[in-house]
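Protein chains in written order, with our numbering: chain A, 1 to 139; chain B, 140 to 278.
Number of protein chains: 2
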Amino acid sequence: MKPVMIGQLARETSTKVTTIRFYESIGLLRSAPRTASGRRTYDASDIERLQFIRNGRRLGFSVDELRSLMGLAENPDQDCGAASAIAARHLKNVEARLAQLAVLRDELEMLSQSCTKARMADCRIMRAIGSGHPRPEPQ
Amino acid sequence: MKPVMIGQLARETSTKVTTIRFYESIGLLRSAPRTASGRRTYDASDIERLQFIRNGRRLGFSVDELRSLMGLAENPDQDCGAASAIAARHLKNVEARLAQLAVLRDELEMLSQSCTKARMADCRIMRAIGSGHPRPEPQ
DNA sequence: CTACCACCTCTAGTCGCTGTAGAAGCAAGT
DNA sequence: ACTTGCTTCTACAGCGACTAGAGGTGGTAG
């Protein structure tokens with residue numbers, strides 16, 4: 001209930017103190033009110049907001065997307081189409097990266113399997129990276 | 140056979156001119172010899188080296204890893220254990236990221252499906268991000 | 001009184017580029 | 001000879017999302 005200082009907020013949200021200050025500096029968190037000696041103080045709504053940010057980041061939303069989402073949340077009567085559009089777009093991006101990464105893994109697997117413990121000069125891994133064709137070479 | 144200038148090298152390796160200069164500045168490419176008027180000149184071995192770098196980057200190797208790999212290549216008689224270790228470690232990293240990303244996708248999918256075109260104030264997506272539990276809520 | 005911690009500000013570094021500004025080189029066309 | 005237009009040069013700022021460090025102040029416990 002009572003306001004907490006930055007270290008407490010950090011502990012409660014598994015965030016580094018410097019990160020919280022960083023979020024304030026980029027306007028993702030409001031400028032926290034200060035004590036007489038200049039220390040930032042936070043209340044329950046700040047904890048909630050930071051938790052939203054941390055979870056959003058964990059889910060891969062960019063700071064800009066989070067800014068948009070939190071901006072939308074300020075009009076509670078609007079429908080959430082815009083918000084779900086952001087989530088859907090993000091999901092699509094994640095799926096695309098996932099597909100890319102799967103291709104990469106396959107290439108790297110072939111590359112790794114091609115190693116025959118040779119001299120560097122004959123190393124198939126090195127040749128595969130150089131040629132851009134990470135397939136096991138025809139004998 | 141004859142040396143080429145930076146633009147030509149860029150075209151032959153699908154690399155931007157600025158990127159080539161950047162690689163030189165971080166010591167990934169050697170300092171290219173210059174013409175009388177100060178322009179960089181490259182030969183066949185530079186093309187090969189840059190191709191290695193580009194393919195390595197495409198495969199997700201970090202600049203440091205490429206530096207190591209190219210350093211190892213300078214001792215052609217050593218065995219390629221160190222090189223294949225780098226590749227194996229990288230493959231492991233890629234596999235780990237792939238797994239993480241798959242979890243993320245599943246969470247985002249649940250989150251997206253939970254949308255019922257509500258008012259922002261009732262939006263399940265927003266609540267899911269906030270709570271860190273992107274499961275469709277029990278009504 | 002002093003040690004120690006939490007807090008403050010400000011700056012710079014990370015990674016792998018990309019983009020810009022402003023100057024100079026160079027070949028071809030008029 | 002001059003102009004046009006491309007390429008190249010250097011040097012530096014910016015991206016995203018932090019992280020780390022220096023150097024200082026505030027508040028409290030022993």
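Glycine is no exception: its CB is placed at the ideal position from the N, C-alpha and C atoms.
Neighbour list for residue i in chain B, Cβ cutoff strictly below 7 Å
i	result
Gly60 of chain A	Leu243
Ala44 of chain A	Those do not exist, as Ala44 of chain A stays about 13 Å from chain B at its closest Cβ, beyond 7 Å.
Arg227 of chain A	Lying before the first or after the last residue shown, residue 227 of chain A is absent from chain A, which here runs from 1 to 139.
Where residue i falls: helix, strand or coil (DSSP)
i	result
Thr174 of chain B	coil
Asp185 of chain B	helix
Asp64 of chain A	helix
Met5 of chain A	strand
Asp79 of chain A	strand
Ser253 of chain B	coil
Ala212 of chain B	coil
Ile26 of chain A	coil
Lys155 of chain B	coil
Among the options, nearest to residue i - alpha-carbon criterion
i	options	result
Lys92 of chain A	B:Gln239, B:Leu247, B:Asp182, B:Ser153	B:Leu247
Ile268 of chain B	A:Ala102, A:Arg89, A:Leu50	A:Leu50
Ala221 of chain B	A:Ser45, A:Phe61, A:Ser112	A:Ser112
Arg197 of chain B	A:Arg119, A:Gln100, A:Thr15	A:Gln100
Arg127 of chain A	B:Gly195, B:Ala257, B:Leu237, B:Cys262	B:Gly195
Leu168 of chain B	B:Thr174, B:Thr158, B:Gly177, B:Ala175	B:Thr158
Gln8 of chain A	A:Ser25, A:Ser31, A:Arg39	A:Arg39
Phe191 of chain B	B:Glu151, B:Ser176, B:Gln217, B:Leu237	B:Glu151
Ala183 of chain B	B:His272, B:Ala149, B:Phe200, B:Cys262	B:Ala149
Glu24 of chain A	A:Ala73, A:Ala36, A:Ile6	A:Ile6
Ser270 of chain B	A:Pro33, A:Ser131, A:Ala36, A:Arg54	A:Arg54
Arg173 of chain B	B:Val143, B:Ile165, B:Arg206	B:Val143
Asp185 of chain B	B:Ala224, B:Leu211, B:Asp218, B:Lys141	B:Lys141
Lys117 of chain A	B:Asp216, B:Val156, B:Leu205	B:Asp216
Cys123 of chain A	B:Arg206, B:Leu205, B:Asp218, B:Tyr181	B:Asp218
Ile125 of chain A	B:Ser170, B:Leu205, B:Thr180, B:Tyr181	B:Leu205
Per-residue contacts from residue i into chain A (C-beta, under 8 Å)
i	result
Val233 of chain B	Leu101, Leu104, Arg105, Leu108
Ala171 of chain B	Within chain A, no residue comes near Ala171 of chain B; the closest Cβ sits about 19 Å away, beyond 8 Å.
Ser251 of chain B	Ser84, Ala87, Ala88, Leu91
Buried or exposed (CB count within 10 angstroms, at least 16 for buried), residue i
i	result
Asn214 of chain B	exposed
Phe161 of chain B	exposed
Val94 of chain A	buried
His90 of chain A	buried
Thr154 of chain B	buried
Arg119 of chain A	exposed
Ala226 of chain B	buried
Ser201 of chain B	exposed
Ala121 of chain A	exposed
Ala100 of chain B	An answer regarding residue 100 of chain B cannot be provided, because it is not within the stretch 140 to 278 covered by chain B.
Ile165 of chain B	exposed
Ser223 of chain B	buried
Ala212 of chain B	buried
Gln139 of chain A	At Gln139 of chain A the pLDDT is 45, less than 50, meaning the model places this residue with poor confidence and gives no usable figure here.
Sheet register partners of residue i (DSSP bridge)
i	result
Arg40 of chain A	A:Arg34
Arg57 of chain A	DSSP, once it has assigned bridges, lists no residue as partnering Arg57 of chain A.
Arg124 of chain A	Answer is none; Arg124 of chain A lacks a bridge partner.
Arg105 of chain A	None; Arg105 of chain A has no bridge partner.
Arg258 of chain B	A:Asp79
Check: residue i C-beta below 8 Å from any heavy atom of the ligand PLP
i	result
Leu243 of chain B	Looking for the ligand PLP in the displayed structure turns up nothing, as the structure carries no ligands at all.
Cross-chain neighbours of residue i in chain B, by beta carbon under 9 Å
i	result
Arg11 of chain A	In chain order: nothing, as chain B lies at least about 16 Å away.
Ile125 of chain A	Leu208, Cys219, Ala222, Ser223, Ile225, Ala226
Ser14 of chain A	Simply none; closest approach about 10 Å.
Glu65 of chain A	Result: empty, since nearest Cβ-Cβ is about 10 Å, beyond 9 Å.
Gly7 of chain A	Within chain B, no residue comes near Gly7 of chain A; the closest Cβ sits about 21 Å away, beyond 9 Å.
Glu48 of chain A	Gly269
Chain A contact residues for residue i, given Cβ-Cβ distances below 9 Å
i	result
Gly166 of chain B	The premise fails here: Gly166 of chain B is roughly 19 Å from chain A at the closest Cβ pair, so nothing lies under 9 Å.
Proximal chain B residues relative to residue i, where beta-carbon distance stays under 8 Å
i	result
Asp77 of chain A	Arg258, Met259, Ala260
Gly56 of chain A	Ile268
Chain A residues whose Cβ lies nearer than 7 Å to that of residue i
i	result
Phe191 of chain B	Ile129, Gly130
Ala212 of chain B	Met120, Met126
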